[in-house]
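What follows is a short report on a single structure.
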Ligand SMILES: Nc1nc2c(ncn2[C@@H]2O[C@H](COP(=O)(O)OP(=O)(O)OP(=O)(O)O)[C@@H](O)[C@H]2O)c(=O)[nH]1
Ligand SMILES: [Mg+2]
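Numbering (the numbering used here), first residue to last: 6 to 353.
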């Protein structure tokens with residue numbers, strides 16, 4: 006967070022009693038009895054940015070949703086799901102944690118991936134604390150070494166979160182802790198399961214304890230910084246990711262062409278109008294054979310994607326939705342600054 010927003014965390018205590026064992030205080034006259042109103046203790050409020058960092062698929066977005074207590078980010082079992090950093094905001098009486106969910110750290114081969122990595126670097130610069138997520142079920146490799154190299158360049162305290170402990174044997178966790186604590190001076194090391202909620206409360210408490218004393222930056226109602234438009238595009242992309250494999254997850258993007266809020270006659274109550282949202286979206290792929298796969302036999306796959314995305318959008322906005330999906334070929338869009346600007350621009 007910006008330095009100006011940070012406050013001193015320590016304050017000289019007025020009228021603190023002499024420490025036990027300290028020099029005896031000179032005998033004082035008995036003070037006059039005065040009735041003074043006891044000052045209410047100032048509530049402690051801590052605020053700061055916490056970056057969720059790690060290799061793709063380690064569970065950063067799942068953890069963001071668990072911490073915020075609501076679905077803010079899309080999740081999939083395919084790597085490189087998150088492409089643009091988003092905020093998830095948790096406000097309690099203790100303070101406000103602004104989590105930054107980020108793309109996974111990977112070798113960038115396209116302009117898209119370079120932009121993804123730039124989001125990671127800027128989150129590392131902004132944050133007060135970094136949470137490095139690793140997958141307890143994955144072997145340590147070059148990718149993990151690279152992530153630690155990146156973190157060695159920042160001064161921010163780092164928490165190591167060993168995620169997915171729900172799917173590994175208990176005795177595999179200790180050797181992971183041993184290995185990592187020799188590699189990097191982590192502030193905390195916490196085994197968690199973002200999916201099952203194991204130790205998520207412990208993590209939240211430790212984060213609050215480590216954040217600076219500062220007033221909130223967002224109102225209590227705000228839980229994210231993404232626009233409705235971006236959220237709808239992400240929901241559609243999440244449904245696509247559920248059904249496609251191989252290179253398809255990497256070459257698919259969603260662009261919301263239009264959102265029109267309308268009203269239609271309620272046939273049950275003819276004199277009343279009910280809200281209706283009409284959404285027109287383009288699904289970009291890179292080649293015609295990609296387009297055929299996403300559309301599916303007789304349009305069956307895009308229909309299924311549309312049904313699931315529409316339902317989730319209805320649940321979110323609470324009224325009727327028309328969703329019109331068109332699959333379009335945009336050759337090499339991953340290296341087109343124009344298309345990337347268009348997609349990023351949706352975040353608002
Ligand atoms: N068993 C188990 N699976 C998890 C856990 N956390 C996440 N997952 C799964 O791991 C996969 C990846 O989760 P994401 O939250 O999308 O991972 P991510 O780190 O955001 O991935 P990218 O955005 O691609 O970098 C999904 O299939 C999740 O359901 C966990 O604690 N336990
Ligand atoms: Mg993610």
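The beta-carbon is built from N, C-alpha and C at its ideal position, and this holds for glycine as well.
Neighbourhood of residue 90 by C-beta, 8 Å cutoff - its chain only, sequence neighbours within 5 removed
105, 106, 107, 108, 124, 125, 127 and 128
Could you compute how far the alpha carbon of residue 113 sits from the alpha carbon of residue 84?
13 Å
For ligand 2, any of its heavy atoms closer than 6 Å to the Cβ of residue 87?
yes
Can you tell me which of 339, 241, 306 and 54 puts its alpha carbon nearest to the alpha carbon of residue 287?
241
Using the three-state DSSP reduction, which class does residue 223 fall into: helix, strand or coil?
coil
Measure the CB-CB distance between residue 78 and residue 69 and report whether it falls below 7 Å.
yes
Minimum C-alpha distance to residue 120 - residue among 136, 234 and 87
87
Between which two residues does the alpha helix (DSSP H) carrying residue 67 extend?
65-73
Ordered along the chain, which non-local residues of its own chain (more than five positions away) have a Cβ less than 8 Å from that of residue 32?
For residue 32, the predicted structure reports a pLDDT of 42, less than 50, and the residue's modelled location is therefore unreliable. A value from the coordinates is still provided. Result list for residue 32: empty, nothing under 8 Å.
Below 7 Å between beta carbons: does that hold for residue 170 and residue 196?
yes
Evaluate the contact criterion for the segment 51-67 versus the segment 135-155: three or more CB pairs, one atom per stretch, below 8 Å.
yes
Excluding sequence positions up to five away, which residues of its chain have a Cβ less than 7 Å from the Cβ of residue 153?
188 and 189
As assigned by DSSP and simplified to three states, the class of residue 26:
Any answer about residue 26 is weak, because its pLDDT of 32 lies below 50 and its placement is not dependable; what the coordinates show is given next. Residue 26 falls in the coil class under three-state DSSP.
Provide the residue span of the alpha helix (DSSP H) that contains residue 256, from first to last.
253-256
First and last residue of the beta strand (DSSP E) that includes residue 120?
Taken as a continuous stretch (DSSP letters only), residue 120 belongs to no beta strand (DSSP E), being part of the alpha helix (DSSP H) at 116-131.
May I have the straight-line CA-CA distance separating residue 144 from residue 93, to the nearest angstrom?
29 Å
Are the segment 248-267 and the segment 280-295 touching, with three or more C-beta to C-beta distances below 8 Å?
yes
Burial state of residue 278 (16 or more Cβ within 10 Å):
exposed
Determine, using beta carbons only, whether residue 296 and residue 334 come nearer to each other than 7 Å.
yes
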